[in-house]
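Protein sequence lines correspond, in order, to chains A and B. For reference, each letter of the first sequence is one residue, going 26 to 457 in the numbering used here. For reference, each letter of the second sequence is one residue, going 8 to 338 in the numbering used here.
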Amino acid sequence: MLFGKQGKDDLVVRGARVLDPVEGLDTVCDVRVDAGTIAQLGTSLDANGHRVVDGAGLVLAPAFVDPHVHLRVPGREDEETIASGTAAAAAGGYCAILAMPNTEPVVDSAAVLGSLIEDAQADAEVPVGFLAAITRGQEGAELTEMVELAEQGAAGFSDDGQPVVAPGLMRRALQYHGVAGRRLALHCEEPTLSRSGQMHEGAISAELGFAGYPSVAESVMVERDLALAAYEEAPLHLLHLSARESVEALRGAQARGVEATGEVTPHHLCLTDEAVRTLDPNLKMNPPLRSADDRAALIEGLRDGTIGAVATDHAPHARHEKEVPFEAAPFGVTGLETAFAALYTSLVEPGLVALETVLERMSAGPAHVYGLERPKIAVGAPANLVLLDTAATWRVEEESFRSRSTNSWLLGQTLKGKIRLTVAAGRMAFEA
Amino acid sequence: MGEIHVMREGFLPPKPPPRRHLISIGDVSRDDVERLLATARSFSRSLEREVKKLPTLRGHTVVNVFYESSTRTSSSFELAAKRLSADTMSIKAAGSAVDKGESLKDTALTLGAYDPDVIVIRHPQIGAPQLVARYTEAHIVNAGDGKHQHPTQALLDLYTIREELGRIEGVHVAIVGDVLHSRVARSNVQALTLMGAQVTLVGPPPLIPRGIEAMGCEVSHDIAAIGAADIVYVLRMQRERMQEGANYVPSLREYTARWGVTPERLRPGQKVMHPGPMNRGVEIDPVVADAADALIERQVRAGLVVRMSVLYDLLTTGPVGVRSPEPLEVA
């Protein structure tokens, strides 16, 4: 399901704090990688002639998995390519990313998917999986040929960017996708409630005069899809949750035994609709930044595991498309290269969420959602490693990015937490 | 769980550098308003003279850029600049490079190349004046951006109220109608509460934005709530902003029957204001519009002197943070 450049590198990381919360590992030791596989953990390991990296004072953790990236290919290679997007992912500490199919053309046929996979094998710095659309052209009318797409290598199915509006069609997708054996990932938005909405509906939209996109536009769709999933006994994954009511609905459904998972973005975990007062188009995304209470619920959901995955929803946009008034700007912000630092700065440092929780929700959590192999630090496992400097601070500048686009919500901010090294599927993908 | 801070202070994007603009009433202080109103008053005396033109802004250039149709605001700004002897240039979106797909950024850069002192902009999108401010060195005056702000309208309304009632503090203003789509309502709520007036918003629930009470006003869905007000401020039903099929109200007929401002719904002595243009027979009964208690024409007159005051203030008062001089006295 994942495709990228091949490589089997040798490496020794000495003296880092080796932290894999799922494996129950938290110790200072050396880690040796032989030909892309973790070969030994211990102290004073023989380098065997391998490249040696000094990890003293740093954290070595399982590398991250981003379940929600827009690579913009095919169609908008000016905004991102497989090469630039995966280089950005590597710089952000990711060993695997999943790309959404809302491209031009939409990834809804084996032909389009096949050509993407071929390109990824040649160009991807970290392995990429491609989701295919749930409906042809993401038009919400006819299901795609899910079995053929899965056989071709689709990592899952999503109409991300668009909801599946018709409940009858949503039910058919829930019934059928199990045959293909891949997860359905749903963008929950009731379009007649969100329509023309520019930001969260509340006191700030009332004051600024923006058309409101109320949280209930998301949560009614979350409730509907969870009800259908419960009825069909089908699993599902909820994309980019933003509202308290959505988190509570997901928690309730999980308690009743529905096999439902959810994800949340760093920007929804770090910001509220207060930030939109700046009218900066890099604070415009779908779903929108919500209230402080919604943010608190998202953080609580991340902590208690209701929300098992952090997803960047990395959405590159051309500069000229964001240099316009807020209302004219497209939705979406980049995130691959800032996700860990943003969460470390905004959640871990103030003591809101433990480092271990953030590491798990950025790696094992998203891998579990899509049935990907869990990145882990264990002898015999493929090397998927990230070396983190949690003491380093850096300022986010346009020049910071490997992504082709710079529409970051963090431009000009100083963050704590830097990626020093990324090993993805046994291959050195990034080194600072 | 631990306390969650709304946002870390340093987490906000950087703000643009301070330069004197009039973009939002939210940016001005009570002192600013007092100064602007006092200057406007002295200009009103100058306009009573036979030769109405003042040499004050000779050599300055004021560019008006209107991306939306406007009669009173554009003519008022143009005349205000001319009365102060500034050179003026007016650009309408229709027939300009905007028609050819030029972006607002490029239009701003183009106009900025002429080094205008002031750019007055009206635009259908919120934040357009801030964007122009980012790409030019001119002082920016917001003549209306989407549903966001129309600060000179709010100032001229304050001026009108003070001239009529002798005060603003403690005055009760009921704003009636389509608040949701109204930049006039938002600017006026901010301006009136800033000056110590009491504001009640009245209209059908779908046209009152959720959460607007946080601006410091009260909300009622019952037209009877206008009875307690000193001033009834009637908003236009903005039909061009009504999305088709959005069903904010079932029909204009039902709106008029339920929320129209009619003679029967007014007390004697209640003053009526309207930012124009009016839909007679929809939000305002023609008898009310033409009655002696209607201040509508006086609002238009106030618009001229207030806009003169704004142009004068931006070009003569110096940078933000520097103490302002006394209001201009016209000899």
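Ideal Cβ placement from N, Cα and C applies to all residues, glycine included.
task: Select from the segment 345 to 366 of chain A all residues with a C-beta closer than 8 Å to any C-beta belonging to chain B, and list them in chain order.
output: Only 345, 348, 349, 350, 351, 352, 353 from the segment 345 to 366 of chain A bring a Cβ to less than 8 Å from some Cβ of chain B.
- request: Tell me, please, whether the CB atom of residue 144/B is closer than 9 Å to any CB atom in chain A?
  value: No, its Cβ sits nowhere closer than 9 Å to a Cβ of chain A.
field: With 16 other Cβ atoms within 10 Å as the buried cut-off, status of residue 248/A
entry: Under a 10 Å Cβ-count criterion, residue 248/A is classified as buried, with 16 or more other Cβ atoms of the shown protein chains found around its own Cβ.
field: Proximity winner among 83/A, 133/A, 89/A, 54/A, relative to residue 392/A (alpha-carbon distances)
entry: Considering only alpha carbons, the answer is 89/A.
Per-residue DSSP class, three states only, for residue 120/B: Reduced to three states, the DSSP call for residue 120/B is coil.
query: Does the segment 66 to 76 of chain B touch the segment 116 to 127 of chain B, meaning 3 or more C-beta pairs lie closer than 8 Å?
result: Here the segment 116 to 127 of chain B makes contact with the segment 66 to 76 of chain B; the two share three or more CB pairs at distances below 8 Å.
task: Measure the CB-CB distance between residue 163/A and residue 127/A and report whether it falls below 9 Å.
output: Yes, they are a contact pair.
- prompt: Along the segment 131 to 143 of chain B, what residues have a CB closer than 7 Å to any CB found in chain A?
  reply: Residues 132, 133, 134, 135, 137, 138.
- request: Pick out whichever of 56/A, 410/A, 416/A, 438/A has its Cα sitting closest to the Cα of residue 455/A.
  value: It is 410/A.
query: So, are the CB atoms of residue 450/A and residue 417/A less than 9 Å apart?
result: Contact flag unset, no.
field: Touching by the beta-carbon criterion (3+ pairs, under 8 Å), the segment 353 to 372 of chain A and the segment 102 to 118 of chain A
entry: Enough Cβ pairs lie closer than 8 Å, so yes.
query: Contact between the segment 223 to 232 of chain A and the segment 297 to 311 of chain A: three or more CB pairs below 8 Å?
result: The segment 223 to 232 of chain A vs the segment 297 to 311 of chain A: in contact.
Identity of the residue in 87/A, 84/A, 56/A, 95/A nearest residue 77/A by Cα: The residue with the shortest Cα to Cα distance from residue 77/A is 56/A.
- request: Pick out whichever of 305/A, 276/A, 233/A, 263/A has its Cα sitting closest to the Cα of residue 289/A.
  value: Between residue 289/A and the set 305/A, 276/A, 233/A, 263/A, the nearest pair of CA atoms involves 263/A.
Coarse secondary structure for residue 34/B, derived from DSSP in three states: Here residue 34/B sits in helix by DSSP.
field: For residue 168/B, three-class secondary structure by DSSP
entry: Three-state DSSP puts residue 168/B in a helix.
task: Provide the residue span of the alpha helix (DSSP H) that contains residue 200/B, from first to last.
output: Following the DSSP letters along the chain, one finds residue 200/B inside the alpha helix (DSSP H) bounded by residues 190 to 201.
- request: Report all residues from its chain with a CB closer than 7 Å to the CB of residue 48/A; omit the five preceding and five following residues, and keep chain order.
  value: The answer, listed in chain order, is 401, 402, 403.
message: Against chain B, with Cβ distances strictly below 9 Å, would residue 226/A count as a contact?
response: So yes, residue 226/A belongs to the interface.
task: Report the three-state DSSP secondary structure of residue 224/B (helix, strand or coil).
output: It is coil, neither helix nor strand.
message: Under 9 Å, CB to CB, which of the residues in the segment 215 to 239 of chain A have a partner in chain B?
response: Residues passing the 9 Å Cβ filter: 220, 221, 223, 226, 227, 228, 229, 230, 231, 232, 233, 234, 235, 236, 237, 239.
message: In the DSSP output, what is residue 181/B paired with across the bridge?
response: 207/B, 239/B.
task: Under the assumption that residue 222/B contacts residue 207/B (Cβ atoms under 8 Å), give the Cβ distance between them as a whole number of angstroms.
output: Not really, about 12 Å apart at Cβ, beyond 8 Å.
- prompt: In this structure, does DSSP put residue 460/A in helix, strand or coil?
  reply: Outside the shown range of chain A, which is 26 to 457, sits residue 460/A, and nothing can be said about it.
- prompt: Could you give the distance in angstroms between the alpha-carbon of residue 212/B and the alpha-carbon of residue 229/B?
  reply: It is roughly 10 Å from the alpha-carbon of residue 212/B to the alpha-carbon of residue 229/B.
- prompt: Which chain A residues are close to residue 155/B, counting only those with a beta carbon under 7 Å from its beta carbon?
  reply: Chain A residues near residue 155/B: 233, 234.
query: Between which two residues does the beta strand (DSSP E) containing residue 124/A stretch?
result: Annotation: the continuous beta strand (DSSP E) that includes residue 124/A extends over 119 to 124.
query: Mapping DSSP to helix, strand and coil, what is residue 405/A?
result: Correct three-state label for residue 405/A: coil.
- request: Whole angstroms is fine: what's the gap from residue 422/A's alpha carbon to residue 193/A's?
  value: Each residue's Cα considered, the two are about 47 Å apart.
task: With DSSP as the reference, label residue 324/A as helix, strand or coil.
output: DSSP places residue 324/A within a helical segment (H, G or I) once states are collapsed to three.
- request: Verify the CB distance criterion: does residue 443/A have a CB-CB separation below 9 Å to chain B?
  value: Interface annotation, residue 443/A: not in contact with chain B, CB-CB separation never under 9 Å.
- prompt: So, does the CB of residue 304/A fall closer than 9 Å to a CB anywhere in chain B?
  reply: Under the 9 Å criterion on CB atoms, residue 304/A is classed as interfacial with respect to chain B.
message: Looking at the secondary structure, which residues open and close the beta strand (DSSP E) in which residue 126/B lies?
response: Looking at the DSSP string, the run of the beta strand (DSSP E) that includes residue 126/B is 125 to 130.
field: Sheet register partners of residue 71/B (DSSP bridge)
entry: The partner list for residue 71/B (beta bridge, DSSP) reads 97/B, 127/B.
Unbroken alpha helix (DSSP H) run spanning residue 217/A, endpoints: Here the alpha helix (DSSP H) through residue 217/A covers 216 to 219.
Residue closest to residue 159/B, alpha-carbon to alpha-carbon, out of 56/B, 236/B, 129/B: Cα-wise, what sits closest to residue 159/B is 129/B.
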